[in-house]
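**Q** The structure's right below; bear with me while I get my questions together.
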Amino acid sequence: MFPLSRLVMRSPCRVLTRVGAALRLSGHALHGRPPRVYGIHDRQASQCSKPYYITTPIFYVNASPHIGHVYSAVTADCLHRYKLLKGYNSRFATGTDEHGLKIQQAASNAGKEPLSFCTEISESFKHVFQRCSISYTDYIRTTEQRHTRAVEDFWMVLQSKGFLYKGTYEGWYSTPDESFLTPAQVTDGTDSEGRRIKVSSESGHKVEWMKEDNYMFRLSDFRTEVLRWLRSNPKVIRPVKFHDLVLQWLEDDDIPDLSVSRQKSRLQWGIPVPGDPEQTIYVWLDALVNYLTVVGYPQNHAQWWTAVHHVVGKDILKFHAIYWPAFLMAAGLPLPRMIYVHSHWTVEGKKMSKSLGNVINPLDAIEKFSADGLRYFLLRQGVPDSDCDYYDDKVVKVCNSELADALGGLLNRCTAPSLNPAQLYPRFSNTCFPKEENCGKAVSDDYRMMEAVSALPVVVERHFENLNIYKALEAISACVRLTNRFVQRHAPWKLDRKEDQQWLDTILHVSLECLRMYGILLQPVVPGLAHKILSRLGVAPEERSWDSLNFLRRYEGGDCVLEGRALGPDLGVLFSRLERSPVKRKTPKMATTQDEGKS
Numbered sequence: 009m010f011p012l013s014r015l016v017m018r019s020p021c022r023v024l025t026r027v028g029a030a031l032r033l034s035g036h037a038l039h040g041r042p043p044r045v046y047g048i049h050d051r052q053a054s055q056c057s058k059p060y061y062i063t064t065p066i067f068y069v070n071a072s073p074h075i076g077h078v079y080s081a082v083t084a085d086c087l088h089r090y091k092l093l094k095g096y097n098s099r100f101a102t103g104t105d106e107h108g109l110k111i112q113q114a115a116s117n118a119g120k121e122p123l124s125f126c127t128e129i130s131e132s133f134k135h136v137f138q139r140c141s142i143s144y145t146d147y148i149r150t151t152e153q154r155h156t157r158a159v160e161d162f163w164m165v166l167q168s169k170g171f172l173y174k175g176t177y178e179g180w181y182s183t184p185d186e187s188f189l190t191p192a193q194v195t196d197g198t199d200s201e202g203r204r205i206k207v208s209s210e211s212g213h214k215v216e217w218m219k220e221d222n223y224m225f226r227l228s229d230f231r232t233e234v235l236r237w238l239r240s241n242p243k244v245i246r247p248v249k250f251h252d253l254v255l256q257w258l259e260d261d262d263i264p265d266l267s268v269s270r271q272k273s274r275l276q277w278g279i280p281v282p283g284d285p286e287q288t289i290y291v292w293l294d295a296l297v298n299y300l301t302v303v304g305y306p307q308n309h310a311q312w313w314t315a316v317h318h319v320v321g322k323d324i325l326k327f328h329a330i331y332w333p334a335f336l337m338a339a340g341l342p343l344p345r346m347i348y349v350h351s352h353w354t355v356e357g358k359k360m361s362k363s364l365g366n367v368i369n370p371l372d373a374i375e376k377f378s379a380d381g382l383r384y385f386l387l388r389q390g391v392p393d394s395d396c397d398y399y400d401d402k403v404v405k406v407c408n409s410e411l412a413d414a415l416g417g418l419l420n421r422c423t424a425p426s427l428n429p430a431q432l433y434p435r436f437s438n439t440c441f442p443k444e445e446n447c448g449k450a451v452s453d454d455y456r457m458m459e460a461v462s463a464l465p466v467v468v469e470r471h472f473e474n475l476n477i478y479k480a481l482e483a484i485s486a487c488v489r490l491t492n493r494f495v496q497r498h499a500p501w502k503l504d505r506k507e508d509q510q511w512l513d514t515i516l517h518v519s520l521e522c523l524r525m526y527g528i529l530l531q532p533v534v535p536g537l538a539h540k541i542l543s544r545l546g547v548a549p550e551e552r553s554w555d556s557l558n559f560l561r562r563y564e565g566g567d568c569v570l571e572g573r574a575l576g577p578d579l580g581v582l583f584s585r586l587e588r589s590p591v592k593r594k595t596p597k598m599a600t601t602q603d604e605g606k607s
């Protein structure tokens with residue numbers, strides 16, 4: 009006997025079940041914003057007092073977007089959509105980082121004015137994000153006047169509190185990384201012509217020795233405070249591997265004061281230091297303030313800033329986990345609620361590189377696999393604390409197996425007119441499927457399947473909250489396989505309609521209830537496919553929120569509002585099978601929970 013109602017997760021923000029969460033994209037982008045995510049009524053946002061603010065890094069415009077940028081954006085988009093389903097008033101920001109010496113040099117090499125160069129690349133990011141169904145609410149460019157004002161104010165706050173001073177910086181600097189480096193972070197290397205040079209031990213990029221009179225930030229004053237913050241909040245950086253790494257940096261190394269400006273003679277393309285036009289604000293201080301700019305700093309940021317969550321790549325962890333908290337402490341502002349860190353994507357085992365010609369163009373990938381196919385692959389295979397490998401055949405295998413065959417086949421089979429000629433949501437029979445085993449037509453494996461599906465919202469929620477989206481998708485995929493086995497086990501197409509109509513209807517009812525659960529849970533990951541599933545089942549937009557994850561109410565003796573309702577129109581194949589590359593490769597191993605084993 010399984011009281012399923014006890015296993016269904018209830019939303020922490022109580023809202024009416026009529027509040028929708030269809031997450032359908034509609035309309036056109038205006039003023040740099042994408043089509044709005046519809047389905048969460050404004051009434052819900054006002055009733056729910058829980059704001060949620062999620063950000064991606066702002067992306068450097070020295071080159072066009074690639075698959076790594078999309079992974080960051082899709083990860084944040086998934087969390088944003090998930091929070092909307094949960095009833096939160098969620099805000100999602102992304103954008104482009106457009107200042108710095110690297111941009112100044114790239115624009116010069118392209119023979120363009122810096123702003124024109126930046127605008128062109130920034131628009132390419134917007135286009136890619138639109139094609140990938142990235143539902144950001146705010147798009148920020150660091151060349152905007154609102155951002156300049158925010159950075160100037162932030163600088164003056166730091167200065168007024170005595171955390172900035174004029175000093176001489178002498179040391180190593182990496183222009184590609186826009187980063188100052190300690191001697192311990194520099195090693196020997198060779199350039200393309202075999203000459204010995206100094207390079208960053210982290211990125212491998214060439215470094216140069218520089219000596220400048222700049223403004224310095226008293227970073228060393230905050231080492232103890234940042235350490236205390238991290239030790240008091242062991243889950244503030246996830247996965248835990250990266251939390252431990254930052255602790256190690258702070259415990260093992262001295263943290264010198266940080267140069268936060270460059271001489272204008274070296275760097276013209278940036279925000280001038282207030283009151284000192286001969287100095288330009290360091291690009292990372294400029295860039296990090298974007299998170300505040302978006303929420304109205306310095307006047308109207310308080311509500312949102314207490315709910316900020318960052319998604320960042322591991323290569324910029326130090327900037328977000330040491331520099332940024334120190335800047336915020338100095339300014340007297342709250343610290344991030346969470347820093348979600350992800351690793352990188354390699355291509356066929358090699359680091360993406362323009363020189364190798366293996367940079368994956370997201371638009372090409374979307375043409376081959378569709379937006380939802382690419383989103384699913386990245387989130388299904390992306391393991392946050394270890395680098396992941398990309399190649400086309402791997403995308404084909406994952407999407408064909410889990411989207412086209414397992415999920416699409418289940419939907420097609422259970423809504424087919426041959427099994428359901430009336431095209432209605434069938435009725436459930438407690439006689440055929442009673443709570444007690446061995447008293448009806450259901451067998452032991454059927455009860456195990458029901459137990460797994462009813463527990464799925466709790467499992468998915470836990471994994472989403474920990475940035476283990478791949479684990480959530482693994483759990484959903486496992487339940488889809490169980491449901492397919494349930495249908496195959498009872499073979500409703502073999503039943504006699506006169507004698508077994510109740511049992512046939514019950515099989516289909518249970519199967520469609522499973523599909524409804526999967527459709528709701530998959531909305532943050534594959535919004536287009538989820539919409540097709542729920543629409544085919546006749547699930548209305550206001551019946552797609554997290555509160556609607558009340559699995560198989562008829563089993564508990566409750567009412568099912570869908571029972572007897574007409575199914576939606578047949579929208580065709582859920583996900584068309586993809587063609588494999590003619591090049592034969594070793595069969596890839598799918599990401600599983602055992603692959604990570606660390607968080």
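Just so we're aligned, residue 9 is where the sequence shown starts under my numbering, counting upward by one.
Where a beta carbon is used, it is the ideal one built from N, C-alpha and C, also for glycine.
#1: Quick one: using the 10 Å Cβ neighbour count with 16 as the cut-off for buried, is Arg2 buried or exposed?
#2: Determine the extent of the alpha helix (DSSP H) in which Glu259 is found, giving its start and end residues.
#3: Taking 8 Å as the limit between beta carbons, can you name the residues of its chain near Gly357, skipping five residues before and five after?
#4: Using 10 angstroms around the beta-carbon of Ala295, count the other beta-carbons present and answer buried if the total reaches 16, otherwise exposed.
#5: Considering just the uninterrupted stretch of the beta strand (DSSP E) at Leu189, what are its terminal residues?
#6: Mapping DSSP to helix, strand and coil, what is His309?
#7: I'd like to know if Gly417 contacts chain C, where contact means its C-beta is closer than 8 Å to some C-beta of that chain.
#8: When you compare the CB positions of Pro370 and Ile75, do they come within less than 8 Å of one another, or not?
#9: Where does Phe230 sit, in a helix, a strand or coil, going by DSSP?
#10: Assign Asp260 to buried or exposed, taking buried as 16 or more other Cβ atoms, counted over all protein chains shown, within 10 Å of its Cβ.
#11: Grouping DSSP H, G and I as helix and E and B as strand, with all else coil, what is Trp277?
#12: Would you mind reading off the limits of the beta strand (DSSP E) that contains Asn97?
#13: Is it the case that the Cβ atoms of Ile484 and Leu464 are separated by a distance below 8 Å?
#14: Using the Cβ count rule (16 or more neighbours within 10 Å means buried), how would you classify Asn222?
#15: How would you write the range of the beta strand (DSSP E) that Asp196 sits in, first residue to last?
#16: If you scan the stretch 528-558 from start to end, which runs of the alpha helix (DSSP H) of 4 or more residues do you find wholly inside it?
#17: Is Gly212 near the ligand SAM, judged by its Cβ being under 7 Å from some heavy atom?
#18: Looking at the unbroken alpha helix (DSSP H) that takes in Arg497, where does it start and where does it end?
#19: Let me check understanding here. Comparing Cα to Cα, which of Ser351, Lys174 and Val165 lies closest to Gln287?
#20: With DSSP as the reference, label Thr63 as helix, strand or coil.
#21: By the 10 Å Cβ neighbour count, where 16 or more other Cβ atoms means buried, how is Gln496 classified, buried or exposed?
#22: Given Gly381, which residues of its chain have a CB within under 6 Å of its CB, disregarding the five upstream and five downstream residues?
#23: Within a Cβ cutoff of 8 Å, which residues of the same chain sit near Gly365, ignoring the five residues on either side of it in sequence?
#24: How long is the line joining the alpha carbons of Ser267 and Arg552, rounded to whole angstroms?
#25: Between Lys540 and Leu570, is the Cβ-Cβ spacing less than 8 Å?
#26: Rounded to the nearest angstrom, what separates Ala412 and Ile129 at their Cα positions?
#27: In the DSSP assignment, the beta strand (DSSP E) including Asp397 goes from what residue to what residue?
#28: Using the rule of at least 16 other Cβ atoms within 10 Å of the residue's Cβ for burial, across every protein chain shown, is Asn117 buried or exposed?
#29: Could you check what DSSP says for Ile368 in three-state terms: helix, strand or coil?
#30: Name the DSSP beta bridge partners of Arg149, please?
#31: Use the C-beta contact count for Cys126: other C-beta atoms within 10 angstroms, 16 or more gives buried, fewer gives exposed.
#32: Leaving out five residues on either side along the sequence, give the residues of the same chain with a beta carbon under 8 Å from the beta carbon of Ile111.
#33: Could you give the first and the last residue of the continuous alpha helix (DSSP H) run that contains Lys110?
#34: With DSSP as the reference, identify every bridge partner of Leu432, one or two as the case may be.
#35: Let me check one thing: in DSSP terms, what residues is Gly175 bridge-paired to?
#36: Let me know the secondary structure DSSP gives Met360 once reduced to three states.
**A** Straight from the coordinates:
#1: It is not possible to answer for residue 2, since the shown part of the chain is limited to 9 through 607.
#2: Walking along the sequence shown from the start, residue 259 turns up at place 251. From DSSP, the alpha helix (DSSP H) with Glu259 extends over Val248 to Asp260.
#3: As a first step, residue 357 must be located in the sequence shown, where it is residue number 349. Taken in chain order, the residues that qualify are Asp397.
#4: Numbered from 1 along the sequence shown, position 287 holds the residue referred to as residue 295. Burial call: buried.
#5: Working through the sequence shown from its first residue, we reach residue 189 at position 181. Unbroken beta strand (DSSP E) run through Leu189: Ser187 to Leu189.
#6: The residue given as residue 309 occupies position 301 in the sequence shown. His309: coil per DSSP, three-state reduction.
#7: No chain C is part of this structure, which consists of one protein chain only.
#8: Here residue 370 refers to the residue found at position 362 of the sequence shown. Here residue 75 refers to the residue found at position 67 of the sequence shown. Their beta carbons are under 8 Å apart, which means Pro370 touches Ile75 by this criterion.
#9: Translated into positions along the sequence shown, residue 230 becomes position 222. Helix, per DSSP.
#10: Here residue 260 is taken as the residue at index 252 of the sequence shown, counted from 1. Its Cβ having fewer than 16 others within 10 Å, Asp260 is exposed.
#11: Taking the first residue of the sequence shown as 1, we reach residue 277 at position 269. The answer is coil: DSSP assigns Trp277 none of H, G, I, E or B.
#12: Mapped onto the sequence shown, residue 97 falls at position 89. Unbroken beta strand (DSSP E) run through Asn97: Asn97 to Asp105.
#13: Sequence index remark: in the sequence shown, residue 484 carries index 476 (1-based). Sequence index remark: in the sequence shown, residue 464 carries index 456 (1-based). Yes.
#14: Taking the sequence shown and counting its residues from 1, the one referred to as residue 222 is at position 214. Buried.
#15: As a first step, residue 196 is located in the sequence shown; it is residue number 188 there, counting from the start. From DSSP, the beta strand (DSSP E) with Asp196 extends over Val194 to Thr198.
#16: 535-544
#17: Looking at this structure, you won't find the ligand SAM or any other ligand, since it has none at all.
#18: The count along the sequence shown starts at 1 and reaches residue 497 at position 489. Unbroken alpha helix (DSSP H) run through Arg497: Ile477 to His498.
#19: Here residue 287 refers to the residue found at position 279 of the sequence shown. Cα-wise, what sits closest to Gln287 is Lys174.
#20: Locating residue 63 in the sequence shown gives position 55, counting from the first residue. Note: Thr63 maps to strand in three-state DSSP.
#21: Walking along the sequence shown from the start, residue 496 turns up at place 488. Answer is exposed; the Cβ neighbour count stays below 16.
#22: Start at 1 with the first residue of the sequence shown, and residue 381 comes out as number 373. The residues are Cys407.
#23: Numbered from its first residue, the sequence shown carries residue 365 at position 357. Within the same chain, Gly365 has no close Cβ partners at all.
#24: The residue labelled residue 267 in the question sits at position 259 within the sequence shown. The residue labelled residue 552 in the question sits at position 544 within the sequence shown. Each residue's Cα considered, the two are about 50 Å apart.
#25: Counting from 1 along the sequence shown, the entry for residue 540 is found at position 532. Counting from 1 along the sequence shown, the entry for residue 570 is found at position 562. No, Cβ-Cβ distance for Lys540 and Leu570 is not below 8 Å.
#26: Here residue 412 is taken as the residue at index 404 of the sequence shown, counted from 1. Here residue 129 is taken as the residue at index 121 of the sequence shown, counted from 1. Each residue's Cα considered, the two are about 35 Å apart.
#27: Against the sequence shown, residue 397 aligns to sequence position 389. It spans Cys396 to Tyr398 - the beta strand (DSSP E) in which Asp397 sits, taken as one unbroken run.
#28: Translated into positions along the sequence shown, residue 117 becomes position 109. So Asn117 ends up on the exposed side.
#29: Position 360 of the sequence shown, counted from the start, is the residue given in the question as residue 368. Three-state result, Ile368: coil.
#30: Translated into positions along the sequence shown, residue 149 becomes position 141. Paired residues: Thr104.
#31: Taking the sequence shown and counting its residues from 1, the one referred to as residue 126 is at position 118. Under this definition Cys126 is a buried residue.
#32: Working through the sequence shown from its first residue, we reach residue 111 at position 103. Correct list, in chain order: Tyr68, Val69, Asn70, Pro122, Phe125, Cys126 and Trp277.
#33: Numbered from 1 along the sequence shown, position 102 holds the residue referred to as residue 110. Segment Leu109 to Ala118, the alpha helix (DSSP H) holding Lys110.
#34: Here residue 432 is taken as the residue at index 424 of the sequence shown, counted from 1. BP columns for Leu432 point to Ala574.
#35: Taking the sequence shown and counting its residues from 1, the one referred to as residue 175 is at position 167. Its beta-bridge partners are Asn222.
#36: Here residue 360 refers to the residue found at position 352 of the sequence shown. If DSSP states are grouped into helix, strand and coil, Met360 belongs with coil.
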